[in-house]
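K.L.:
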Amino acid sequence: MKRTIALLALTASLFTSCNSEPTLQRYFVDKAEDKNFLAVDISPTFIKTDKLQLTPQEQMALKSLKNVNIIAFKANDKNAGAYEKELTNVKKILKDDSYEELIKFNRGTMGASINTKGESQNIEELILFANDKTNGFGVVRVTGENMTPNNVMTIVGLLQKANLDMEQLKPLKAMIERK
Amino acid sequence: MKKLFVAFVFLLIPTMFYAQSAFTKFEDKADITSVIVNKKMFQLMGEMKMDPKDKEAQQYLNMVKKLDNLKVFTTTNTKNANEMKATVDSYLKANPLEELMRINKDGQNIKIFIKSGASSSQVKELLMFMDGTGKANTVLMSLTGNFDLNDISVLTDKMSLPGGPELKKAAAKKQ
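Respectively, the protein sequence lines represent chains A and B. Residues in the first sequence are numbered consecutively from 340, following the numbering used here. Residues in the second sequence are numbered consecutively from 2, following the numbering used here.
1. Could you tell me which of B:48, B:49 and B:134 sits nearest to residue 85 (chain B), measuring between CA atoms?
2. In angstroms with no decimal places, state the Cα-to-Cα distance between residue 96 (chain B) and residue 114 (chain B).
3. How far does the beta strand (DSSP E) with residue 483 (chain A) in it extend, from its first residue to its last?
4. Check distances from the C-beta atoms of the region 423–457 of chain A to those of chain B and list, in chain order, the residues that come in under 9 Å.
5. Comparing the C-beta of residue 69 (chain B) with each C-beta of chain A, is any distance below 9 Å?
6. Is the Cβ of residue 488 (chain A) closer than 9 Å to any Cβ of chain B?
7. Look at residue 116 (chain B) and residue 106 (chain B) and say whether their C-beta atoms are less than 9 Å apart.
8. With residue 141 (chain B) and residue 148 (chain B) assumed to form a contact (beta carbons below 8 Å), what rounded beta-carbon distance in angstroms separates them?
9. In chain order, what residues of the same chain lie with their CB nearer than 6 Å to the CB of residue 34 (chain B), ignoring the 5 residues before and after it?
10. Within 10 Å of its beta-carbon, does residue 480 (chain A) have 16 or more other beta-carbons around it, so buried, or fewer, so exposed?
11. Between B:150, B:72, B:159 and B:63, which has its C-alpha nearest residue 120 (chain B)'s C-alpha?
12. What are the boundary residues of the alpha helix (DSSP H) that includes residue 49 (chain B)?
13. Tell me whether residue 344 (chain A) is buried or exposed, calling it buried when 16 or more other Cβ atoms sit within 10 Å of its Cβ.
14. Quick check on residue 492 (chain A) - is its C-beta less than 9 Å from some C-beta in chain B?
15. When the Cα atoms are used, what is the spatial distance from residue 168 (chain B) to residue 406 (chain A)?
16. Taking a cut of 9 Å between CB atoms, which residues from the region 133–144 of chain B lie near chain A?
17. In whole angstroms, give me the CA-to-CA distance for residue 445 (chain A) and residue 452 (chain A).
18. Using CA coordinates, which residue listed in A:342, A:454 and A:458 is at the minimum distance from residue 440 (chain A)?
19. Are the Cβ atoms of residue 429 (chain A) and residue 510 (chain A) separated by less than 9 Å?
20. Is there at least one Cβ from chain A nearer than 9 Å to residue 1 (chain B)'s Cβ?
21. Since residue 90 (chain B) contacts residue 109 (chain B) with CB under 8 Å, what's their CB separation in whole angstroms?
22. Closest by CA to residue 497 (chain A), which one among A:402, A:450, A:424 and A:371?
23. Hey, out of A:513, A:508 and A:501, whose CA is closest to residue 393 (chain A)'s CA?
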């Protein structure tokens, strides 16, 4: 009988443990301090629109965008072990943290995926994830409200014609140049 | 003790069902190139606004909305190819599909299977297996949804799917 209770307790703990899984948000916070990682936060003001006449559609699309957080793992000769570990971690979080996988691509030691969170076409979170053994991996987390596919496309269009505030991207640029 | 075992098995059953479809095991293998597109992606793509005058784009959007899942696995590794073949065989045993076409071309043995829906050209599942027999690429493609076989040509053109010409032939034959 004792054994039964112990077993039940064990299974119960297995089930409840799902709830205390780390979220991607938590992961971003934790890894911001890690020396293998680089974290960048970008606000929508990154797209300089003061010189543009925005259409109502573009304004709506911009409003739907809240924040962009990026973390990148920089692979080098010494951190191959850490790379594998963190890669597994991110994949696990994406699976557990109730993201819906839209599309996934894998080839050899390279891979990429797009995941979202949100009801039907109103996306609250959009996660772009790309990994490559020789370069490392990057996770881009776009948060917003009501980001419909059309809004996302409109923002991509805006990125092409608006001035971008490069100041916010400096850390990323530095990382690429260091290579 | 026996009861306990049974109870445990029951506990595990749901996890087995969540444990995805027959081909999921190929998704994260280093020697296999995989492309997975899920229903949500198709839904979102279908919501995108495109020029209403562009007939081809509209046809494409309509087609996309009818799709559930696309999986494509490609490998040149013989061991993986054999495993794919075995998986396809056992999958077909468990889920009988109708063989639509069988082609031998350039050392590749191509088989196309479908599961028909309400009408004969209505397709719920399309499975294509190209056996490269160690020489060429071995490709496994699974497409589910509720679409018309004639729509396939639109899709193969727009998405550059493997086996495009063969699928077109198969669609023509079915009519």
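Virtual Cβ for every residue (Gly too), placed ideally from N, Cα, C.
P.N.:
This is what the structure holds:
1. Indexing the second sequence from 1 puts residue 85 (chain B) at position 84. Of B:48, B:49 and B:134, the residue nearest in Cα terms is B:134.
2. The count along the second sequence starts at 1 and reaches residue 96 (chain B) at position 95. The count along the second sequence starts at 1 and reaches residue 114 (chain B) at position 113. Each residue's alpha carbon lies about 11 Å from the other.
3. One-based indexing of the first sequence puts residue 483 (chain A) at position 144. First-last of the beta strand (DSSP E) with residue 483 (chain A): 475–486.
4. 430, 439, 440, 441, 442, 443, 444, 445, 446, 447, 448, 450, 452, 453 and 455
5. Translated into positions along the second sequence, residue 69 (chain B) becomes position 68. Taking Cβ atoms only, chain A never reaches closer than 9 Å to residue 69 (chain B), which makes this a no.
6. Position 149 of the first sequence, counting from 1, holds the residue named residue 488 (chain A). With 9 Å as the cut-off, residue 488 (chain A) counts as an interface residue toward chain B.
7. Counting from 1 along the second sequence, the entry for residue 116 (chain B) is found at position 115. Counting from 1 along the second sequence, the entry for residue 106 (chain B) is found at position 105. Taking 9 Å as the Cβ cut-off, residue 116 (chain B) and residue 106 (chain B) do not qualify as a contacting pair.
8. In the second sequence, residue 141 (chain B) corresponds to position 140, counting from 1. In the second sequence, residue 148 (chain B) corresponds to position 147, counting from 1. Actually they are not in contact, since the Cβ atoms of residue 141 (chain B) and residue 148 (chain B) sit about 19 Å apart, beyond 8 Å.
9. Your numbering for residue 34 (chain B) matches position 33 in the second sequence. Closer than 6 Å at the Cβ level, and outside the excluded window around residue 34 (chain B), lie 75.
10. Taking the first residue of the first sequence as position 1, residue 480 (chain A) is located at position 141. Under this definition residue 480 (chain A) is a buried residue.
11. Locating residue 120 (chain B) in the second sequence gives position 119, where the first residue counts as 1. Looking at the Cα atoms, B:150 is the closest of the given residues.
12. In the second sequence, counting from the first residue as 1, residue 49 (chain B) sits at position 48. Note, residue 49 (chain B): premise wrong, no alpha helix (DSSP H); not H, not E.
13. One-based indexing of the first sequence puts residue 344 (chain A) at position 5. Classification of residue 344 (chain A): exposed, given that the 10 Å Cβ count is below 16.
14. For this step, residue 492 (chain A) is matched to residue 153 along the first sequence. So, interface residue.
15. The residue labelled residue 168 (chain B) in the question sits at position 167 within the second sequence. The residue labelled residue 406 (chain A) in the question sits at position 67 within the first sequence. C-alpha separation (whole angstroms): 44 Å.
16. none
17. For this step, residue 445 (chain A) is matched to residue 106 along the first sequence. For this step, residue 452 (chain A) is matched to residue 113 along the first sequence. Each residue's alpha carbon lies about 9 Å from the other.
18. One-based indexing of the first sequence puts residue 440 (chain A) at position 101. Ranked by Cα distance from residue 440 (chain A), the options A:342, A:454 and A:458 are led by A:454.
19. On the first sequence, residue 429 (chain A) is found 90 positions in, with the first residue counted as 1. On the first sequence, residue 510 (chain A) is found 171 positions in, with the first residue counted as 1. Their beta carbons are not under 9 Å apart, which means residue 429 (chain A) does not touch residue 510 (chain A) by this criterion.
20. One cannot answer for residue 1 (chain B) here, as it falls past the ends of chain B, which runs 2 to 176.
21. For the purposes of this step, residue 90 (chain B) is taken as residue 89 along the second sequence, with counting starting at 1. For the purposes of this step, residue 109 (chain B) is taken as residue 108 along the second sequence, with counting starting at 1. Actually they are not in contact, since the Cβ atoms of residue 90 (chain B) and residue 109 (chain B) sit about 17 Å apart, beyond 8 Å.
22. In the first sequence, the residue the question calls residue 497 (chain A) occupies position 158. Answer by Cα proximity: A:402.
23. Counting from 1 along the first sequence, the entry for residue 393 (chain A) is found at position 54. Among A:513, A:508 and A:501, the Cα nearest to that of residue 393 (chain A) is on A:501.
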